[in-house]
Structures are given as structure tokens and as C-alpha cells.
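Numbering (UniProt numbering), first residue to last: 1 to 374.
Beta carbons: idealized from backbone N, C-alpha and C, even for Gly.
I have placed the structure first, in the form of C-alpha cells, so that the comments after it can refer back to it.
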Amino acid sequence: MAFIYIKPELKQNMERLSDILNIPEPLLISANANAPADEFYFPGASFQAGKNVPAAETYEQLQILVNQYTLEDEQWLTKTVVYDSAELKKEIDRLTECFPFVTSRIIGRSSMGQPIYELLLGAENAGKRTHINASFHANEWITTSVLMKWLKEYCYHLCTGRSALGFSPLDIFSSTKLSVVPIVNPDGVDLVLNGPGHLGIAREALDELNEHQRDFREWKANINGVDLNNQFPSFWEIEKQRKPPKSPSYRDYPGDEPLTEPEAAAMRDLIANEPPDRLVALHTQGEEIYWGYKGLEPPESADVIQTFERLSGYKGVRYIDSYAGFRDWFIHYFGREGYTVELGKGKNPLPLKQFDDIYCKSRGILWASCFFES
Ligand SMILES: [Zn+2]
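In C-alpha cells form, the structure reads like this:
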């Protein structure tokens with residue numbers, strides 16, 4: 001439980017509550033934006049399950065309660081987790097409870113009807129918007145581990161007020177609304193991580209799409225055998241024509257038409273409804289960052305890529321011979337900043353033993369993604 005009952009009048013003075021709790025006021029305002037009048041949410045805390053929800057009638061009583069709550073344990077915050085869709089759901093529940101300034105919503109459903117989640121945070125009046133996503137490609141599930149670990153780092157730093165790599169978390173929260181889609185392709189990720197047994201799909205059909213390989217570790221597509229990052233209407237015909245698979249496959253098939261797949265359509269809708277100022281898509285591998293697209297990218301991208309390079313040691317690459325990707329489409333239609341970050345090096349799926357190295361190099365990119373020069 002991350003809330004207590006409170007006399008509604010006490011919430012009139014958020015500044016005083018902020019002092020008592022030692023939690024920045026913008027976080028409290030955001031965490032309580034939709035709270036009922038007599039409930040008060042405070043981030044970073046969780047009361048032990050099973051206990052009655054505590055109540056405070058006065059600021060003094062609140063002060064006493066504050067001394068009883070347990071700060072979230074570092075172990076959970078810093079743990080490296082491999083996320084299939086069930087594990088992600090659990091994590092989202094815990095994250096939104098512990099840090100109630102984070103909200104989640106379902107932006108669409110996968111081919112198999114699984115929810116595709118978006119997490120949102122940032123002050124109400126924040127003027128900039130960043131979107132980051134992971135696991136477009138099933139065998140690149142390690143990107144979700146990176147993104148979620150960083151998100152927890154961001155939330156925790158917000159509560160403690162500690163800066164990270166020179167970035168002020170609270171300044172970022174106050175100026176930038178962040179949208180995160182941790183798994184774009186939940187069916188594919190579940191197939192790679194858990195195998196086909198639990199999916200309720202005829203094994204023979206999947207085996208055929210998988211070209212009868214021994215296991216499904218290299219599966220990159222969605223469950224229909226369509227590459228979600230080849231589904232976007234930006235010179236899609238070129239990819240359709242030149243990609244080797246001419247029918248659904250475990251990798252690289254662009255689909256019969258653009259946006260036939262519900263996961264790709266959900267991402268298109270999300271972005272088209274409210275285009276962010278900056279978009280970052282996490283993929284593996286190559287330790288490169290693609291930042292241009294046919295000269296349609298804005299001039300800021302050339303500056304931002306230098307920051308990304310400096311913080312990560314990854315190499316910025318302006319143009320690659322690729323079309324119909326999510327980022328390609330975004331830059332093509334909106335003319336805004338878009339980056340594809342290729343984490344790690346080796347053969348997909350990258351092994352978890354690379355995680356610490358990848359995280360160490362890429363967390364700066366994630367912090368910088370939410371920071372805009374004013
Ligand atoms: Zn990829």
C-alpha cells in the first residue's frame with residue numbers, strides 16, 4: 001500500500017507535506033493528481049501488506065506515520081530482471097504502487113490479445129515530450145531489462161533528489177513528459193523466453209515459420225511472423241521488394257501491407273496522437289546509434305548525438321540503408337528527433353552476462369534522452 005487516509009484539508013498545503021515527507025513537491029502533486037480527497041499517496045514508500053491503511057488527521061500524526069514507512073529496498077530497485085510479459089506486468093504493478101507519480105495504461109493489444117503497456121511520468125505542465133521503447137524485436141528482450149532498470153533508477157533518484165551523471169532528475173521531471181513502452185512485442189518475447197509450449201498455437205505452424213530451427217531463441221518477428229520494425233509506411237515497398245522472406249518468417253518479413261500487425265498499429269496511433277519531441281528505440285546490437293533519415297531529421301539531432309556518443313562510447317551513424325522502420329516513419333512524417341540505439345555487441349539474443357556492460361554504457365543515453373537544452 002502506498003497511500004494513507006488523510007484529512008483532506010491537509011492536502012491543501014503540499015509544501016508542508018513535502019517538508020514532512022522529504023519528498024519533492026512536484027512528485028507529490030503528480031502522485032496525487034487523481035487521488036480521492038481522503039487518500040494521500042507518497043512515493044518511495046510501501047506499507048506492509050495486510051496491515052490496515054493508516055490514517056492521519058493532523059500534520060503531527062503524519063510525521064509519526066512517516067517514521068514507520070519502509071523505503072523501497074535497494075535490492076529490488078537495482079536488480080537485473082529478464083521480463084516476459086507476466087514479469088513485466090508484476091513489475092509495472094509494483095512500480096506504479098511504489099512510485100505513484102508513474103501511471104500505466106494499455107495502448108493496444110498484441111496479436112494474441114496481450115496488453116501493450118505504456119508507462120508515463122512527468123509534471124503536468126512539462127513542456128517537452130520524450131518517448132522510449134524496447135523489444136520491438138523478440139530476440140532483443142535485453143532492451144526491456146535495460147529500460148526498466150533505468151526507469152527504476154530515475155524514480156528512485158527523483159525521490160532521493162540525487163543527481164545522476166550530472167542530470168537533475170527533478171529538473172527532468174519538471175520539464176519533460178516521458179512515455180515508455182517497455183515491450184512492444186509481448187507475444188514474440190514470450191516465445192523466445194519461454195518457448196512455444198504455453199502459447200496454444202499449433203507447434204507445426206510455428207516450426208515452419210522458424211525454418212525448423214532447434215529452438216526459438218533467434219525469433220525476431222511478432223507471433224504472425226512479421227517484423228514489426230519493417231511495418232511502417234515510409235518507403236515500405238522498397239523493403240517489401242528486397243527483403244528475402246516473401247511470406248511470414250521468424251525474421252525480416254515486412255508483412256503483406258504496412259501496419260497490418262496490431263502491435264505496429266498501436267505504436268503508430270500512440271505516436272501520431274501526440275508526437276513526442278524526441279523518440280528513442282532500443283535495439284541490439286552493434287553499439288551504434290542511428291540518428292538521421294534522408295536529411296529529414298531536425299538540426300538538433302546532430303548536437304544530441306554528440307552527447308549520446310560521449311556518454312555511451314557508442315558510435316553515431318547518420319544514414320543506414322533501411323526503410324519502413326518505426327523511427328524512419330517518425331522522422332519522415334514529423335521531422336523530429338529519432339534515434340535507434342543498438343545496444344551491445346555479439347549475436348542476438350545477447351546473453352545476460354553482457355548486461356552490466358550494456359547498462360553502464362547506455363544509461364547515460366537514457367538520462368540524456370529526457371534532457372533538452374533550453
Ligand atoms: Zn532490432
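For this session: Go through the segment 311 to 368 residue by residue and report every complete run of the beta strand (DSSP E) that reaches 3 residues or more, in order.
Result: Restricted to the segment 311 to 368, the beta strand (DSSP E) segments that are unbroken, complete and at least 3 residues in length are 315 to 317, 337 to 343, listed in chain order.
Exercise. How would you label I106, buried or exposed, when you count the other beta carbons within 10 angstroms and need 16 or more for buried?
Worked result: Flag for I106 reads exposed.
Exercise. Buried or exposed: G122, going by 16 or more other Cβ atoms within 10 Å of its Cβ?
Worked result: By the neighbour-count criterion, in which a residue is buried when 16 or more other Cβ atoms sit within 10 angstroms of its Cβ, G122 is buried.
For this session: Figure out for me which residue from P100, V66, R94 has the closest Cα to the Cα of L21.
Result: Selected option, being the one with the closest Cα: V66.
Exercise. How would you label V82, buried or exposed, when you count the other beta carbons within 10 angstroms and need 16 or more for buried?
Worked result: With fewer than 16 Cβ atoms within 10 Å of its Cβ, V82 is classed as exposed.
Exercise. Taking the DSSP output, what are the residues bridged to L178?
Worked result: Paired residues: L121, T130.
Exercise. With a Cβ-Cβ cutoff of 8 Å, do L170 and P26 count as a contact?
Worked result: Going by C-beta atoms, L170 is nearer than 8 Å to P26.
Exercise. Does the Cβ of F326 lie closer than 7 Å to at least one heavy atom of ligand 1?
Worked result: Result no, Cβ not under 7 Å from ligand 1.
Problem set entry | Three-state secondary structure assigned by DSSP to P8 | In the structure shown, the three-state DSSP call for P8 is helix.
Exercise. Just checking, does the segment 92 to 106 make contact with the segment 130 to 138 on the three C-beta pairs under 8 Å criterion?
Worked result: Judged by Cβ distances under 8 Å, the segment 92 to 106 makes no contact with the segment 130 to 138, as fewer than three pairs qualify.
Problem set entry | DSSP bridge partner residues for P115 (one or two, in chain order) | Answer is R109, bridged to P115.
Exercise. Is N229 near ligand 1, judged by its Cβ being under 7 Å from some heavy atom?
Worked result: Yes, the beta carbon of N229 sits closer than 7 Å to at least one heavy atom of ligand 1.
Problem set entry | Nearest residue (CA-CA) to E226, options D256, G166, G197, F235 | Position check: residue 226 holds Val in this sequence, whereas Glu was assumed. Closest by alpha carbon: D256.
Exercise. Is H157 buried or exposed, if buried means 16 or more other CB atoms sit within 10 Å of its CB?
Worked result: The residue is buried, with at least 16 neighbouring Cβ atoms inside 10 Å.
Exercise. Quick one: does the C-beta of E140 sit closer than 7 Å to a heavy atom of ligand 1?
Worked result: Checking every heavy atom of ligand 1 against the Cβ of E140, one is found closer than 7 Å.
For this session: Take G188 as the anchor and find which of T260, L228, A56 has the nearest alpha-carbon.
Result: Of the listed residues, the one whose Cα sits closest to G188 is L228.
For this session: State buried or exposed for A49, treating a residue as buried only when at least 16 other CB atoms are found within 10 Å of its CB.
Result: For A49, the predicted model reports a pLDDT of 48, less than 50, meaning its position is unreliable; a value from the coordinates is still stated below. Looking at its Cβ environment, which holds fewer than 16 other Cβ atoms inside 10 Å, A49 is exposed.
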